[in-house]
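In my numbering, the protein residues as written are 193 to 395. Let me begin by presenting the structure, written as structure tokens, before commenting on it.
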């Protein structure tokens, strides 16, 4: 199902965003496939701390020079709003269908999920994105901030994710689909901040 939304497509972390690629939001709806949670299995870390400590400043400088549409500070402001989160780590076991969310204060919670399909979003720019939807099935998840979870990783079919944006809440999947400005972003936990910055620049 395709939904028209007023927001803007999430700009890929790497490279120019004007090439007609799937990652940049150009694809046919018929090419979108269902995916399993195993595509996101692993231990993941938020990139927000690396934005806060200046590690990603080189990425914003690079994007400013390459795209010439925003200053480095404007890029940093854009990604600050996007990356902001208090969830520092996410551990995903796709075979068990579980996700563990760990906050910056060290507290964590684990829930079991079911796959609820995907939604294709068409943005005001004409670009598109896909969100893959999961809903917690355990009774403890009711009214929990991680009851509904949506993944977006600039991919449209089964592939092991290299990084992802995540959306979650306890309102409804449809309500969370409206979130366009805050998209906490996660890279493999084994990577250093420098590694992540290089990944963003080199791809």
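Every residue, glycine too, gets a C-beta built ideally from N, C-alpha and C.
Taking a C-beta distance under 8 Å as the contact criterion, residue 345 and residue 359 do not qualify as a contact pair.
Per DSSP, the continuous beta strand (DSSP E) segment holding residue 294 begins and ends at 290-295. Counting C-beta atoms within 10 angstroms of its own C-beta, residue 222 has fewer than 16 neighbours from the protein chains shown and is therefore classed as exposed.
Distance check between residue 366 and each of 352, 341, 375 places 341 closest, using alpha-carbon atoms only. In this structure, the CA atom of residue 248 is about 6 Å from the CA atom of residue 242. For residue 298, the closest of 284, 334, 278, 306 by C-alpha to C-alpha distance is 278. DSSP, reduced to helix, strand and coil, places residue 383 outside both helices and strands of the structure shown, so it counts as coil. Two segments are said to touch when three or more pairs of C-beta atoms, one from each, lie closer than 8 Å; by this definition the segment 268-286 does not touch the segment 310-323.
Counting only runs of 3 or more residues that sit fully inside the segment 296-375, the beta strand (DSSP E) segments are 300-314, 320-328, 340-344, 356-361, in chain order. Residue 343 is classed as buried because its beta carbon has at least 16 other beta carbons within 10 Å across all chains shown. With fewer than 16 other Cβ atoms from the protein chains shown falling within 10 Å of its own Cβ, residue 246 counts as exposed.
According to the DSSP assignment, residue 281 belongs to the beta strand (DSSP E) that extends over 279-285.
For residue 237, the enclosing beta strand (DSSP E) covers residues 234-238.
By the 16-neighbour rule on beta-carbons within 10 angstroms, residue 216 is buried. Here residue 335 is not near residue 227, since their CB atoms are 8 Å or more apart.
By the criterion of a C-beta distance shorter than 6 Å, residue 304 is surrounded in its chain by 289, 290, 329, 330, once the five residues flanking it on both sides are discounted. Around residue 321, the same chain offers 201, 202, 217, 312, 313, 315, 344, 346 as residues with beta carbons nearer than 8 Å, after the five sequence neighbours per side are excluded.
A residue is called buried once 16 or more other Cβ atoms fall within 10 Å of its Cβ, and residue 309, having fewer, is exposed. For residue 251, the uninterrupted alpha helix (DSSP H) run begins and ends at 249-259, by DSSP.
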